[in-house]
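> Below you'll find the structure I mean.
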Amino acid sequence: MSSRSRPAGKFSAWEIAALALMGALIFAVKAALSAIPNVQLNAVLIILTTVFFGWKALATVWIYVLLEGLIFGFSTWWLSYVFIWPLLVVVAMLFRQNRSALLWAVIAGFWGLLFGPLMYIPWFCIMGGWKGYFAMWIAGIPFDLTHCASNFVLTLVLYPRLYPLMERFVNQKRKG
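Below is the structure:
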């Protein structure tokens with residue numbers, strides 16, 4: 000876990016670099032998996048970053064969201080990312096002390112189901128009202144189910160393998 004000696008909100012140079020690296024990694028892995036719709040590692044990587052860095056994981060999320068906007072453009076989908084991914088950090092903070100891969104897989108799977116309804120909030124506000132919101136949500140249910148299943152499986156399989164790597168990465172910094 001991140002050092003408790005540093006005051007909240009203060010970032011060391013190492014943390015800035017590590018959090019920026021995680022944001023870029025999330026973006027790169029999503030791009031690498033983009034040929035497979037709704038299969039991505041965003042949730043598990045954001046969860047792990049939150050487990051090890053606490054609220055500072057928001058910096059990783061903002062870097063990832065900014066990269067998405069800079070590369071793919073700033074549109075209504077991007078407005079959704081501005082609140083969806085930080086909200087996952089909030090959820091992960093509630094369970095931060097838990098080490099159960101199954102719990103994190105359930106949270107990530109549930110996040111995949113919630114992603115669609117959350118994603119279309121800007122459509123409700125900007126474009127279509129309730130009818131447009133529900134039309135987009137209903138049309139996206141097959142994608143949300145894929146997102147749910149892939150988040151669950153990937154988190155269940157990868158969390159226990161990535162946790163020790165992340166722990167070594169964070170602890171190595173403290174030793175050196």
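FYI, in numbering that gives the first Met the number 0 the residues of the sequence shown are 0 to 175.
Backbone N, C-alpha and C fix where the C-beta goes; we use that ideal spot for every residue, glycine too.
1) Using the rule of at least 16 other Cβ atoms within 10 Å of the residue's Cβ for burial, across every protein chain shown, is GLN96 buried or exposed?
2) Please report the straight-line C-alpha distance between LEU40 and GLY22, rounded to a whole angstrom.
3) In terms of alpha-carbon separation, which member of TRP110, PHE142, PHE82, ILE137 lies closest to ILE46?
4) Could you tell me the distance, in whole angstroms, from the CA atom of ALA104 to the CA atom of LEU155?
5) With 16 other CB atoms within 10 Å as the buried threshold, where does CYS124 fall?
6) Return the chain-ordered list of same chain residues with a C-beta closer than 7 Å to the C-beta of ASP143, the five sequence neighbours on each side being excluded.
7) What's the C-alpha gap between LEU93 and LEU102?
8) Rounded to whole angstroms, what is the Cα-Cα separation between SER79 and LEU86?
9) Grab the span of the alpha helix (DSSP H) containing LYS9 for me, first residue to last.
10) Would you be able to state if there are at least three C-beta pairs under 8 Å between the segment 46 to 64 and the segment 14 to 33?
11) CB ILE25 to CB TYR63, shorter than 8 Å?
12) Assuming the contact rule is C-beta atoms closer than 8 Å, PHE51 and MET165 should be a hit. Round their C-beta distance to whole Å, please.
13) What's the C-alpha gap between HIS146 and TRP54?
14) To the nearest whole angstrom, what separates the beta carbons of LEU32 and VAL38, a pair I think is in contact under 8 Å?
15) Measuring CB to CB, does TRP13 end up less than 8 Å from LYS130?
By the coordinates alone:
1) The residue you call residue 96 lines up with position 97 of the sequence shown. Exposed, because fewer than 16 other Cβ atoms sit within 10 Å of the Cβ of GLN96.
2) As a first step, residue 40 must be located in the sequence shown, where it is residue number 41. As a first step, residue 22 must be located in the sequence shown, where it is residue number 23. Cα atoms of LEU40 and GLY22: separation of roughly 12 Å, rounded to the nearest angstrom.
3) Numbered from its first residue, the sequence shown carries residue 46 at position 47. For the residues TRP110, PHE142, PHE82, ILE137, the minimum Cα distance to ILE46 belongs to TRP110.
4) Your numbering for residue 104 matches position 105 in the sequence shown. Your numbering for residue 155 matches position 156 in the sequence shown. For ALA104 and LEU155, the distance between alpha carbons rounds to 5 Å.
5) On the sequence shown, position 125 is the one that residue 124 refers to. With fewer than 16 other Cβ atoms within 10 Å, it is exposed.
6) Position 144 of the sequence shown, counting from 1, holds the residue named residue 143. The answer, listed in chain order, is GLY111, LEU112, PHE114, GLY115.
7) Indexing the sequence shown from 1 puts residue 93 at position 94. Indexing the sequence shown from 1 puts residue 102 at position 103. Between LEU93 and LEU102, the alpha-carbon positions lie close to 12 Å from each other.
8) Here the question's residue 79 lines up with position 80 in the sequence shown. Here the question's residue 86 lines up with position 87 in the sequence shown. Approximately 11 Å, taken between the alpha carbons.
9) As a working note, residue 9 is residue 10 in the sequence shown. No alpha helix (DSSP H) contains LYS9, which DSSP labels as neither H nor E.
10) Because the criterion of three Cβ pairs below 8 Å is met, the segment 14 to 33 and the segment 46 to 64 touch.
11) As a first step, residue 25 is located in the sequence shown; it is residue number 26 there, counting from the start. As a first step, residue 63 is located in the sequence shown; it is residue number 64 there, counting from the start. Yes. Within cutoff.
12) Here the question's residue 51 lines up with position 52 in the sequence shown. Here the question's residue 165 lines up with position 166 in the sequence shown. Going by Cβ atoms, the distance from PHE51 to MET165 rounds to 5 Å, so yes, they are a contact pair.
13) Within the sequence shown, the letter at position 147 stands for residue 146. Within the sequence shown, the letter at position 55 stands for residue 54. A direct Cα-Cα distance of roughly 25 Å separates HIS146 from TRP54.
14) Taking the sequence shown and counting its residues from 1, one reaches residue 32 at position 33. Taking the sequence shown and counting its residues from 1, one reaches residue 38 at position 39. At roughly 6 Å, the Cβ-Cβ gap stays under 8 Å, so LEU32 and VAL38 are in contact.
15) If you number the sequence shown from 1, residue 13 lands on position 14. If you number the sequence shown from 1, residue 130 lands on position 131. Against a cut-off of 8 Å, the Cβ pair of LYS130 and TRP13 comes out as no contact.
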